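To keep things clear, I will list the structure first and then write my remarks on it.
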């Protein structure tokens with residue numbers, strides 16, 4: 001992903017010269033209280049593609065959008081933004097979720113059962129200026145929180161590159177990747193990164209390795 005930034009800067013300089021010359025909640029089937037924990041189902045792993053993030057970036061910028069309840073996913077988002085130079089956007093429901101964990105369990109399960117799309121507090125400005133969008137979220141009942149799907153379905157993903165990241169206790173992405181593919185129709189989805197709570201202490205190096213790895217750079 002660092003190559004994306006170099007490419008963007010180089011193209012910006014070229015255009016200028018030309019102008020002159022002319023704690024997430026752990027919501028799992030067992031209700032364990034660890035940030036953004038997954039259900040007991042095995043995690044679905046992302047599938048690699050032949051397209052690199054550098055190739056997909058084109059002239060546009062990078063956005064790091066995330067939903068976080070207790071802070072773990074936010075931690076990942078901040079590191080990704082720092083390493084890529086991306087802009088941060090927090091996905092927040094218009095009606096904030098409760099701070100009470102037990103109540104949150106019930107709300108999250110009911111929203112999933114209803115296939116709800118909670119209204120969001122804000123929208124991304126200048127959406128068309130971003131070609132690469134990282135999307136982060138916790139694993140709630142082996143899926144993404146429904147507010148994330150509201151976000152995905154609010155924009156046109158045609159020609160954009162979507163890169164997911166996730167926090168959980170052990171469930172990884174769960175079944176969320178298929179939901180993301182459906183809700184972000186038209187996006188090129190690259191390899192994602194999921195970290196458990198125990199892995200967050202080493203998040204900086206894990207994210208660096210991921211961003212420099214073959215899944216994102218071809």
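Numbering (full-length UniProt numbering), first residue to last: 1 to 218. For every residue, glycine included, the Cβ atom is placed at its ideal position computed from N, Cα and C. What you are looking at is a predicted structure, and each value in this text was computed from that prediction instead of being measured.
Name the two residues that bound the continuous alpha helix (DSSP H) containing residue 114.
Your numbering for residue 114 matches position 114 in the chain shown. Per DSSP, residue 114 is one residue of the alpha helix (DSSP H) stretching across 101-114.
Can the beta-carbon of residue 165 be found less than 8 Å from the beta-carbon of residue 186?
Sequence index remark: in the chain shown, residue 165 carries index 165 (1-based). Sequence index remark: in the chain shown, residue 186 carries index 186 (1-based). Cβ atoms of residue 165 and residue 186: not closer than 8 Å.
How is residue 193 classed by DSSP in three states: helix, strand or coil?
Taking the chain shown and counting its residues from 1, the one referred to as residue 193 is at position 193. Note: residue 193 maps to strand in three-state DSSP.
Classify residue 73 as helix, strand or coil using the three-state DSSP reduction.
Mapped onto the chain shown, residue 73 falls at position 73. Helix, per DSSP.
Give me the Cβ distance between residue 130 and residue 62, rounded to the nearest whole Å; I'm assuming they're in contact under 8 Å.
For this step, residue 130 is matched to residue 130 along the chain shown. For this step, residue 62 is matched to residue 62 along the chain shown. Right, their Cβ atoms sit about 7 Å apart.
Taking contact to mean at least 3 C-beta pairs separated by less than 8 Å, is the segment 198-213 in contact with the segment 80-95?
The segment 198-213, when compared against the segment 80-95, does touch it at the 8 Å Cβ threshold.
Rounded to whole angstroms, what's the CA-CA distance from residue 78 to residue 88? Just pull it up for me.
Within the chain shown, numbered from 1, the residue matching residue 78 stands at position 78. Within the chain shown, numbered from 1, the residue matching residue 88 stands at position 88. Between residue 78 and residue 88, the alpha-carbon positions lie close to 7 Å from each other.
DSSP-derived helix/strand/coil call for residue 65
Mapped onto the chain shown, residue 65 falls at position 65. The answer is strand: DSSP assigns residue 65 an E or B state.
Would DSSP call residue 215 helix, strand or coil?
Against the chain shown, residue 215 aligns to sequence position 215. Three-state DSSP puts residue 215 in a helix.
Helix, strand or coil at residue 137 according to DSSP, with G and I counted as helix:
Translated into positions along the chain shown, residue 137 becomes position 137. Residue 137: strand per DSSP, three-state reduction.
Check the DSSP bridge columns for residue 90 and list the partner residues they point to.
Working through the chain shown from its first residue, we reach residue 90 at position 90. Per DSSP, 66.
Below 6 Å CB to CB, which residues in the same chain sit around residue 98 once its five sequence neighbours on both sides are set aside?
Residue 98 sits at position 98 when you count from the first residue of the chain shown. Answer for residue 98: 104, listed in chain order.
For residue 134 versus residue 180, is the C-beta distance shorter than 8 Å?
Working through the chain shown from its first residue, we reach residue 134 at position 134. Working through the chain shown from its first residue, we reach residue 180 at position 180. No, they are not a contact pair.
Closest Cα partner of residue 94 within the set 120, 113 and 109
The residue you call residue 94 lines up with position 94 of the chain shown. It is 120.
Pull up the distance between the alpha-carbon of residue 161 and that of residue 128, whole angstroms please.
By 1-based counting over the chain shown, the position of residue 161 is 161. By 1-based counting over the chain shown, the position of residue 128 is 128. Their Cα atoms are separated by approximately 12 Å.
Residue 119 - DSSP class collapsed to helix/strand/coil:
Here the question's residue 119 lines up with position 119 in the chain shown. DSSP places residue 119 in the coil class of the three-state scheme, outside both helix and strand.
Excluding the 5 residues flanking residue 90 on each side, which residues of the same chain have their C-beta closer than 6 Å to its C-beta?
Looking up residue 90 in the chain shown gives position 90. Excluding residues within five positions, none has a Cβ falling inside 6 Å.
Can you give me the C-alpha to C-alpha distance between residue 108 and residue 139, rounded to a whole angstrom?
For the purposes of this step, residue 108 is taken as the residue at position 108 of the chain shown. For the purposes of this step, residue 139 is taken as the residue at position 139 of the chain shown. Pairing residue 108 with residue 139, the inter-Cα distance amounts to about 11 Å.
Can you tell me the Cα-Cα spacing of residue 69 and residue 143, whole angstroms?
As a working mapping, residue 69 is identified with position 69 in the chain shown. As a working mapping, residue 143 is identified with position 143 in the chain shown. In a straight line, the C-alpha of residue 69 is about 15 Å away from that of residue 143.
Using a 10 Å radius around the Cβ and a threshold of 16 neighbouring Cβ atoms, would you call residue 194 buried or exposed?
Within the chain shown, numbered from 1, the residue matching residue 194 stands at position 194. By the neighbour-count rule (16 or more Cβ atoms within 10 Å), residue 194 is buried.
Sort out for me which residues DSSP pairs residue 130 with in a bridge.
For the purposes of this step, residue 130 is taken as the residue at position 130 of the chain shown. Answer by DSSP bridge pairing, in chain order: 61.
How would you label residue 115, buried or exposed, when you count the other beta carbons within 10 angstroms and need 16 or more for buried?
The count along the chain shown starts at 1 and reaches residue 115 at position 115. Counting Cβ neighbours within 10 Å, residue 115 comes out exposed, since fewer than 16 surround it.
Rounded separation between residue 141 and residue 67 - CA only:
As a position in the chain shown, residue 141 is number 141, starting the count at 1. As a position in the chain shown, residue 67 is number 67, starting the count at 1. Each residue's Cα considered, the two are about 15 Å apart.
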